[in-house]
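Numbering (my numbering), first residue to last: 5 to 650.
Glycine included, each C-beta is placed from N, C-alpha and C at the ideal position.
Keep in mind it's a predicted model, so treat the numbers as computed, not measured.
First up is the structure itself, then whatever we jot down about it.
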């Protein structure tokens, strides 16, 4: 089956190209042009000689091989600027933008259809080939003028000719398709993270009409091939509320025609009326993530700006009746007294539990420096207080209660880390019927001895997808060993074979894979390094230190591995997640580290997770990780690892 050919009815993907207004341009000589163009391509690929990667930092011109032209200058990067937060920004103002001065729509001849420029900043993150084309064109236009019929043509943009050339291998998650219409919001949460988006964040969407968005999604659906896991390149921004888009139902129906997979939808629940829930029931399997935040109409109205809070609150029993699986999210924002906040959190949990919520996620409050230039609360005290309350009440409810970020709870409350400790059981799951309890520690699965949490999750995930009927689990409970037989086919609402991932067992996050240590050892051995700086985060560092200390792979006396923790200066506020670090955060940290030490590290090792979203080694601003080595002078290696998501 061949992929669909591009046609004139497809949506037009346009991108801006700006020329110098004074006619001089940025580049003054031909060697400068070549320098820029070579730098552009080295942000896209790594040259090799045989099987070895080659690092290039300069070039010689064929007409003068005595002079080396350096690719990268030695100038210091400016520190991250502080930008005042907007006064009462509406949701989406920070996460939706115009593409600049050239952000005007065009109308094709003989057609009233308008096409806006795509956001090049977003493109740099997901499909940097297009940004590369733009940068190459822009540098060329400093030296040449384009002609048509003997007359100079001033180019201000370009478009993709054949969209079938831009179809790529991708997981084809149906939720991504809905993300393209989730560009607006009907609430105005006081803690909305979108209000604190840094201006350089690449997760932005162009400001467009709903009709134009619908034209794009129709074209994207044309090239959506979930049976072969192929799709057009991604260009998602920060997602808001898909349900309020005027073409939501048409898009959902087309997605379901194309894919039988679970469709996961994030929503604030403000549109989940009885009629909407009844409509949705025809599209199962669905998995809704409802940002409920409070089951109190007054508090939800105050926290979320929801004019009709009763709709979302009353939707939970409707979803249960319709057989639609849902989770809820609570951000315990410190509004009012501490006891009011904690009391409302537990009341919301209890209410959702009555309506068979699959899982309750408690997201610890966070904000960036663009959200507030002032300290909004005592970070350590608030996070600790919320986490301890969740631990106190966890066994009162059938619904699993999960604190995010999960590693915070583990660091706060447990000396022994990374073990497969059960913190929740999904009601109606094989684990639920098999008799597992909160606090059980898995010792073996089907006779396979379990050493850590990632291993347990991987094995359970395989069983979840298999056709195995029964599996014995050996657990430790209060110091006693118990064998529990699980019937993998015994499943009832709210559990789902398609949605659950570990037979209904909920752990304290993914944990850290000890299998990462062998690639780390190989990197160190290949480089011949003795003094290694391994960069991590405040949440991962305690666990990472423990597994490295216990590993036999790093016991040489002359080998030193220091774990450093860069600050999240890009985001600021109380953000402390390593996966949100950007290239400039690493550069600033390493420069400061070098200045404070007499000896430079032999090698800088950085986990790949902050660059995983891109797939092209780029951070959340669209900047390539290779700039860390270029700017610091230290050799950099990326340690491949998965994003620590849940």
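Cβ neighbour criterion (16 or more within 10 Å) applied to residue i
| i | result |
| --- | --- |
| residue 297 | buried |
| residue 589 | buried |
| residue 479 | buried |
| residue 213 | exposed |
| residue 541 | buried |
| residue 309 | buried |
| residue 485 | exposed |
| residue 637 | exposed |
| residue 578 | buried |
| residue 105 | Here residue 105 scores only 39 on pLDDT, less than 50, and its place in the model is too uncertain to base an answer on. |
| residue 83 | Reliability of the predicted coordinates at residue 83 is poor, the pLDDT of 45 falling under 50, and the value obtained from them is presented with this limitation in mind. Its Cβ having fewer than 16 others within 10 Å, residue 83 is exposed. |
| residue 409 | buried |
| residue 181 | buried |
| residue 349 | buried |
| residue 468 | buried |
| residue 572 | buried |
| residue 272 | buried |
| residue 633 | buried |
| residue 122 | buried |
| residue 86 | For residue 86, the predicted model reports a pLDDT of 42, less than 50, meaning its position is unreliable; a value from the coordinates is still stated below. The residue in question, residue 86, is exposed, as its Cβ has fewer than 16 Cβ neighbours within 10 Å. |
| residue 17 | buried |
| residue 313 | buried |
| residue 13 | exposed |
| residue 210 | buried |
| residue 622 | buried |
| residue 379 | exposed |
CB-CB length for residue i against residue j, believed under 8 Å
| i | j | result |
| --- | --- | --- |
| residue 15 | residue 202 | Actually they are not in contact, since the Cβ atoms of residue 15 and residue 202 sit about 29 Å apart, beyond 8 Å. |
| residue 281 | residue 322 | 4 Å |
| residue 184 | residue 240 | 7 Å |
| residue 403 | residue 339 | So it is not a contact: roughly 24 Å between Cβ atoms. |
| residue 533 | residue 606 | 4 Å |
| residue 645 | residue 497 | 35 Å between Cβ atoms; not a contact. |
| residue 290 | residue 315 | Wrong, their Cβ atoms sit about 18 Å apart, outside the cutoff. |
| residue 424 | residue 490 | Contact flag wrong, Cβ pair sits at about 15 Å. |
| residue 332 | residue 394 | Not a contact, Cβ separation roughly 14 Å. |
| residue 514 | residue 461 | 7 Å |
| residue 456 | residue 547 | About 10 Å separates the two Cβ atoms, so there is no contact after all. |
Opening and closing residue of the alpha helix (DSSP H) in which residue i lies
| i | result |
| --- | --- |
| residue 63 | It is not in any alpha helix (DSSP H) - residue 63 instead sits in the beta strand (DSSP E) that spans 62-65. |
| residue 143 | 132-144 |
| residue 283 | 278-284 |
| residue 39 | 34-46 |
| residue 491 | Unbroken run through residue 491 is the beta strand (DSSP E), 484-491; no alpha helix (DSSP H). |
| residue 217 | 214-226 |
| residue 69 | First-last for residue 69: 68-74, but that is the beta strand (DSSP E), not the alpha helix (DSSP H). |
| residue 594 | 587-599 |
| residue 394 | 383-397 |
| residue 635 | 630-636 |
Identity of the residue in the options nearest residue i by Cα
| i | options | result |
| --- | --- | --- |
| residue 536 | 543, 552 and 547 | 552 |
| residue 344 | 389, 327, 262 and 484 | 389 |
| residue 465 | 446, 152, 509 and 474 | 509 |
| residue 33 | 18, 135 and 143 | 143 |
| residue 527 | 558, 366 and 623 | 558 |
| residue 641 | 392, 524 and 313 | 524 |
| residue 597 | 583, 570, 377 and 17 | 570 |
| residue 230 | 204, 237, 263 and 220 | 263 |
| residue 452 | 440, 368 and 477 | 477 |
| residue 139 | 54, 40, 276 and 251 | 40 |
| residue 430 | 416, 414 and 401 | 401 |
| residue 648 | 581, 499 and 608 | 581 |
| residue 288 | 220, 261, 248 and 384 | 261 |
| residue 360 | 319, 631 and 368 | 319 |
| residue 381 | 132, 69 and 341 | 341 |
Residue j beta carbon less than 8 Å from that of residue i
| i | j | result |
| --- | --- | --- |
| residue 21 | residue 164 | no |
| residue 512 | residue 454 | no |
| residue 405 | residue 353 | yes |
| residue 567 | residue 549 | yes |
| residue 71 | residue 64 | yes |
| residue 387 | residue 194 | no |
| residue 653 | residue 278 | There is simply no residue 653 to check, as the chain begins at 5 and stops at 650 in what is shown. |
| residue 258 | residue 284 | no |
| residue 603 | residue 47 | no |
Span of the beta strand (DSSP E), counted from its first residue to its last, around residue i
| i | result |
| --- | --- |
| residue 642 | 640-643 |
| residue 510 | 509-511 |
| residue 291 | 290-295 |
| residue 436 | Not the beta strand (DSSP E): residue 436 falls in the alpha helix (DSSP H), residues 434-438. |
| residue 566 | 564-568 |
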